[in-house]
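Residue numbers (my numbering): 543 to 1083. Heads up, the thing below is written out as C-alpha cells.
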Amino acid sequence: MTIEIYDTTLRDGAQGVGINFSVSDKLRIAEHLDTLGVTVVEGGWPGANPTDTEFFAAMRTRPLRNATLAAFGATRRAGVRPQDDPQLRTLLDSMAPMVTLVGKTWDLQVVDVLRTTTEENLAMIADSVRWLVAEGRRVVFDAEHFFDGHASDPVYALRCLDAAVSAGAERVTLCDTRGGTLPDQVETVVRDITARFGSIAGIHCHDDSGCAVANTLAAVRAGAVQVQGCINGYGERTGNANLCTLIPNLQIKMGMRVIDEEQLARLTEVARDVAEIANISPPLSAPYIGQAAFTHKGGQHIDAMSKASYAYQHIDPARVGNRRHSVITQQSGRGTVLEKAAGFGVDLTQDQALARRVADEVKRLEHSGHSFEGAEASFELLVHRARGNVAPFTLIDYIALVEQREGRSLVCEATIKVQIGELVVHTAAEGNGPVNALDAALRKALSPAYPEIGATQLFDYKVRVLDGRDGTAAGVRVLVESGDHHRRWSTVGCSPNIIEASWSALADAFEYAIIAARERSGLSGEHLEIVRLEREAAAAG
Ligand SMILES: [Zn+2]
C-alpha cells in the first residue's frame, strides 16, 4: 500500500521555537525534501510574510522534480465571495499546483474564534474549495482541531468534511491541532471517517502528549492515506510528528511503500543537513537518524554486538543511512579500541599489545577528567601517536595575556613558538579572548607549511567544570568542535587551568585537520614529506 508523505517543515516546522528560515534556507530544504522523495512539499503561507511570498516566487523558476508544491492558506473570510478574498487570491497567484486550506471543524471555535455561524463556516469551506478547484488547483482540506471538534459535536465535524469533499477536495486532513489526543481515540475516529468517505483521509499530529508519531501510525492503521509531519519533528510548541521516525516505521516496520530504498538510505543525511540549515544541533538520541541511535557504550553490549549485530539493534542502520558507533570510555576494553580504529581505517588486529596500550591510556586520561565520548578526533590522534606517527608540529612554548588598563577595553594577545620539521616558527596574534588569540597565533604559525588549515574553522567551544575526585584537583574539560567544507570533528583538552585545557583541545583540532587533509589528498607518506619540505623552504623564504 502507498502512503503519501506530506512535509510541512517549511510551514508548521518554521513555527518551531528557535527556527528562522530565510528564503534561501527554504529553497535548500525544499531541494533536500524533493530528493528524499516526499510526495508533497508545503512551502508556506504566501502573502502572510515576505519570506513565504518570495519563496513561492523563486520556486516558479526551479520546479520540484518529484514532489508537488503546496501553498497553505485559510478558507475565505465570512461574508465575502472567494474571488473577492485577497488571501485566497494570493494562494492562486503563488502558482503552486496544490493548495492546502485550513478550516474550522469545531463548532465552539467557529462561534468563539471566527465569530460567525456554523452554517456560514460550512459555506466558507465549500465555496473556497470549489473556487480553487475551478481555477485548476488540487485542494487538500486541513480540518483544524478535528479530533476536538469530533468529540464536541461529531455531526457538525462530519458536515465540515462533507462540505470540503463535495466541493472537490482530494484529501481531508484530520488535524490534532492541540496535540492532546491519544492513539486509540485517533484510530477510532479515522476508522469512522474512512468508512464514510473512503480512502481520502490525511493525518496531521502535534506532539503535545508525546504521541504524534504513535497517533499518525494509528491513523494509517485505520485507513489514512496521507501523513503530514516535519523533518526532525520541528514545529509549534513540542513539534509536529517526526517524519524521520514515521518514514522508516511505515516502510520498514509496517511494509508500506513510502519512498525508494535508496532514498530511505539518505534519511540520516537529510535530517542532519536540515538541522544544519535550521542552525539547531542534530538531535542526538532521535530514533533512526540520531548519532546515538546505533551507538553502543557498555562493554558488554559492544562485546555482544561484535558477535551478533542484531543483539542491540532493531534494524540495519545502513537502511536509513546511519552507522553503528561504539563509544570510547574508560570502561572500554581492547575490543572497542580495535573496532573504533577500524572505523577510521586503522587495522590493529595484528597488534593486540598496542590496542591494549591505547585502552590503558584512555582509562588513565578519562580518570584524569578527559572524555573521549564526544571527542573522537582526539581519540584518533591517540592511536596515531601510539603507532609512532610523527606529529605535524610540536609546541615549544606559549604566552597568553589578558590586559585591561585604565578603563580601556580589554586586550588579549597570544605568542606561540612551534616546531614544524626543522623550522621553529614564532608568531603573535590578538583576539577577543585568550583562547581566540591562541587560535589566531597557531593558525598564523601553521598556515605557511599547511595551507589546508585555512578552510578550518571553530564551530563550538564548551567548557565543563569537573569535580575534584580521588584526590585530583578540580579542573575543566574543554571540548572544541571544528570543521571544514568536508566534515566536522571534536577534540578534548583537560587541565586544572582553562587556558591549558583550551590549548590542548585547539592543538588537537589543528593536528587532526592536517592529518585528515593529508589522508584525503591520498598522497603517500614519502610524497607528503617532499611537499612539506618544499613548503618549509617557501615559508623560510
Ligand atoms: Zn499543525
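Note that CB positions come from ideal geometry on N, CA and C, so glycine has one too.
The DSSP-derived three-state label of Phe563 is coil. Between the beta-carbon of Ser1024 and that of Ala1055 there is about 7 Å, and that keeps the pair under the 8 Å contact cut.
Sixteen is the threshold: when 16 or more other Cβ atoms of the shown chains lie within 10 Å of the Cβ of Leu630, as they do, the residue is buried. With respect to the C-alpha of Pro725, the residue from Ser741, Thr581, His746 having the closest C-alpha is His746. Using a C-beta cut-off of 8 Å, the region 677-697 makes no contact with the region 585-603, since fewer than three inter-stretch Cβ pairs fall below that distance. In the three-state DSSP reduction, Phe1001 falls in the strand class (E or B).
Note on geometry: alpha-carbon atoms of Pro639 and Ala766 lie some 22 Å from one another. Pairing Cys772 with Asn757 gives a Cβ-Cβ distance that is not under 8 Å. In this structure, the beta-carbon distance from Ile831 to Cys786 falls below 8 Å. Annotation for Asp690 indicates a beta carbon at 7 Å or more from all heavy atoms of ligand 1. Annotation: Met796 is outside any alpha helix (DSSP H) and is labelled neither H nor E by DSSP. Between Met637 and Arg602 the beta-carbon gap is near 6 Å, inside 8 Å, which marks them as a contact.
Residue environment for Lys568: buried (at least 16 other C-beta atoms within 10 angstroms of its C-beta). In the three-state reduction of the DSSP assignment, Arg713 falls in the strand class. In the pairwise beta carbon analysis, the region 638-653 is classified as touching the region 609-617: at least three pairs are separated by under 8 Å. Of the other Cβ atoms in all chains shown, fewer than 16 fall within 10 Å of the Cβ of His968; this residue is therefore exposed. By the neighbour-count definition (other C-beta atoms within 10 Å, threshold 16), Glu804 is an exposed residue. As for any beta strand (DSSP E) of minimum length 3 sitting wholly inside the region 905-950, the runs are 936-945, ordered along the chain.
In the structure shown, Met666 falls within a helical segment according to DSSP collapsed to helix, strand and coil. Here the alpha carbons of Arg861 and Val904 stand approximately 32 Å from one another.
DSSP places Phe597 outside any beta strand (DSSP E); the residue lies instead in the alpha helix (DSSP H), whose first and last residues are 592-601. For His748, the Cβ falls inside the 7 Å cut-off from some heavy atom of ligand 1. Between the region 696-715 and the region 663-672, the count of C-beta pairs closer than 8 Å reaches three or more; the two stretches touch.
DSSP places Trp648 in the coil class of the three-state scheme, outside both helix and strand.
In the three-state scheme derived from DSSP, where H, G and I count as helix and E and B as strand, Asn784 is classed as strand.
Taking C-beta atoms under 8 Å as the contact rule, Glu922 and Val953 fail to qualify, at a distance of about 36 Å. Comparing alpha-carbon positions, the option among Leu809, Arg570, Ala572, Val565 lying closest to Asn591 turns out to be Val565. Under DSSP, the beta-bridge partners assigned to Arg680 are Met640.
Listed in chain order, the non-local C-beta contacts of Leu943 below 6 Å within the same chain comprise Glu955, local neighbours out to five positions each way being set aside.
In the three-state reduction of the DSSP assignment, Thr969 falls in the strand class, which pools E and B. Scanning its chain for C-beta atoms nearer than 6 Å, with the 5 sequence neighbours on each side dropped, one finds around Pro824 the residues Arg814, Ala817, in chain order. Excluding five sequence positions before and after Ala807, the CB atoms of its chain that fall closer than 8 Å to its own CB belong to Ala860, Arg861, Val862, Gly863, given in chain order. About 23 Å separates the CB atoms of Ala835 and Gly875; that is not less than 8 Å, and the two are not in contact. In this structure Arg1030 touches Phe1001 by the C-beta definition: roughly 7 Å separates them, less than 8 Å.
Taking all protein chains shown into account, Asp802 has fewer than 16 neighbouring C-beta atoms within 10 Å of its C-beta and is therefore exposed. For His746, the enclosing beta strand (DSSP E) covers residues 743-747.
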